[in-house]
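Residue numbers (full-length UniProt numbering): 1 to 412.
A virtual CB, placed ideally from N, CA and C, is assigned to each residue, including glycine.
For reference, the structure discussed in these notes is given below.
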Amino acid sequence: MTKWLDDVQNVWGNYLPSHLLASLRHFALKEQFDLKQKTASLDQETGASAQAPDFKEDHKLDMPTEEDKDLPPVNPLVEDARKRVKKLWVALAKTRSRVQTFKNQLESCEKEAQKKISDQFPNDSSTLLVFKVDLHRVMRAEIRDHIKKCGKELEQSIECEPQKHLRMKHGCVVALTQKLKKSKKVIKNGNETILMFRTQIVHFHTELQELIHTKLVRLIEDIITSARLQKNAIVKEARQLQITPLTSLDRRNVEGERRIPALQLSINHLQSQAFNCLCQKLKFPLYKTPQELWASLYSKQLELRWLHCNMKLSSKNLQKTIEMAPWLSSCDDSDCLSRLTEADAKHLKSVTFKANYLVHFLQTSHRLKCRLEFFMSIWLRQPAKHAQPWKSERGRTYAEWLKRWNRALASL
1 MTKWLDDVQN VWGNYLPSHL LASLRHFALK EQFDLKQKTA SLDQETGASA
51 QAPDFKEDHK LDMPTEEDKD LPPVNPLVED ARKRVKKLWV ALAKTRSRVQ
101 TFKNQLESCE KEAQKKISDQ FPNDSSTLLV FKVDLHRVMR AEIRDHIKKC
151 GKELEQSIEC EPQKHLRMKH GCVVALTQKL KKSKKVIKNG NETILMFRTQ
201 IVHFHTELQE LIHTKLVRLI EDIITSARLQ KNAIVKEARQ LQITPLTSLD
251 RRNVEGERRI PALQLSINHL QSQAFNCLCQ KLKFPLYKTP QELWASLYSK
301 QLELRWLHCN MKLSSKNLQK TIEMAPWLSS CDDSDCLSRL TEADAKHLKS
351 VTFKANYLVH FLQTSHRLKC RLEFFMSIWL RQPAKHAQPW KSERGRTYAE
401 WLKRWNRALA SL
């Protein structure tokens, strides 16, 4: 039994389902034809069970020679076939037991009938022979009808179940093919997009190469040549400056114009004793000198304006007091007090207005001072301002900041 099942499993794994179905049909028809031939030559002594096909033997199927190694494993199909063979085996055992019982009943009935015929016709052997012939004919007819009925049922079961299974498998294969078609479409679209992006990248790469070779290379070459020329010029001037004495710089003539002597330049004032004392008295570093001196100068100017306003106010009050001195000597105390309170109120109004104006002016001055300190710090933080004229800070170049600074200094 196990050998037969192993052979069945090997057959299911090596051949197509359509080939297996055709082979099973051929095998069933062949077995049915052999069974019909055996039942036709059946006589009284041989039973139907002895002539039935023995399913324990190994049957060789006339399978087609075409192979398909890409089929999936058929373990579930083999299990299903094993269950069906087991059911058929049980049914065959039941059929054999029923045939044996029917055979026993038939033999007993035949003996009774022969006994009755022998009792009725003791010396007539022809009647017994006719009875046997009729009995054999009826038995053959019944066996033939029963075998035909079983063959039809077997053929229908063989045709229906594999067809259902094949239809289900066909539906799965159709769904799988549809999925494969969709996946092929998706892969095709992905390949098209990849090709499009690839062409775009190649086009962009060619454009970039053209830009580099046509414009950037020339621009870089021009920059390198100009930098090389500037370097050569600076080196040449430095070499000339090394061999030039400092005394020749005093009152030299350049393009017909007479320059200021070197002793009067501001750089020589740095070596004076007064400047050294001033630097020692400063409370801040030397590099912060411009902004600190500018802030102190601006505060001194504001203080000077305040003192000037106070001086004007005191002079006006003194003039009014001198003018009102003869009038005060002739008036009484109550009238003088009332006039004094009125003048004090007017003076208070004018002073408050001036104080508000002064506060507003000081606020604006403080804002301007902060901005000026910021601009000066920006200017002083960049030592290479002349070497990088294109560099900007807060939307302006260093040259523009210098012009604004000079204008602000000139306006003060």
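Contact under 8 Å by Cβ, residue i with residue j
{"i": "Leu35", "j": "Ile147", "result": "yes"}
{"i": "Ser365", "j": "Leu302", "result": "yes"}
{"i": "Gly151", "j": "Gln32", "result": "yes"}
{"i": "Glu107", "j": "Leu135", "result": "no"}
{"i": "Phe131", "j": "Ala113", "result": "yes"}
Buried or exposed by the 16-neighbour rule on C-beta atoms within 10 Å, applied to residue i
{"i": "Trp306", "result": "exposed"}
{"i": "Ala399", "result": "exposed"}
{"i": "Glu45", "result": "Its pLDDT being 43, under 50, Glu45 is placed unreliably by the model, and the measurement read from it follows with that caveat. Its Cβ having fewer than 16 others within 10 Å, Glu45 is exposed."}
Own chain partners of residue i with C-beta closer than 7 Å, once the 5 adjacent residues on each side are dropped
{"i": "Glu155", "result": "Ala28"}
{"i": "Glu237", "result": "none"}
{"i": "Asp145", "result": "none"}
{"i": "Gly395", "result": "none"}
Neighbourhood of residue i by C-beta distance below 6 Å, restricted to the same chain and skipping five residues each side
{"i": "Asp54", "result": "For Asp54, the predicted structure reports a pLDDT of 45, less than 50, and the residue's modelled location is therefore unreliable. The matter cannot be settled from this model."}
{"i": "Met1", "result": "Note that Met1 scores a pLDDT of 48, beneath 50, so its modelled location is shaky and nothing firm can be said."}
{"i": "Cys309", "result": "none"}
*asked:* Between the region 393 to 408 and the region 334 to 349, can you find at least three pairs of beta-carbon atoms closer than 8 Å?
replied: no
_Stretch pair the region 338 to 358 + the region 278 to 291: three plus CB contacts closer than 8 Å_ = no
*asked:* Is it the case that the region 352 to 372 contacts the region 294 to 311, given that we only count it when at least three CB pairs across the two stretches are under 8 Å?
replied: yes
*Check whether the region 318 to 326 touches the region 357 to 364, counting contact only when three or more Cβ pairs, one atom from each stretch, lie closer than 8 Å.*
no
*Fully enclosed by the region 294 to 335, which alpha helix (DSSP H) runs are 4 residues long or longer?*
none
*Starting from the N-terminal side, write out each stretch of the alpha helix (DSSP H) that is 4 residues or longer and does not extend beyond the region 152 to 191.*
none
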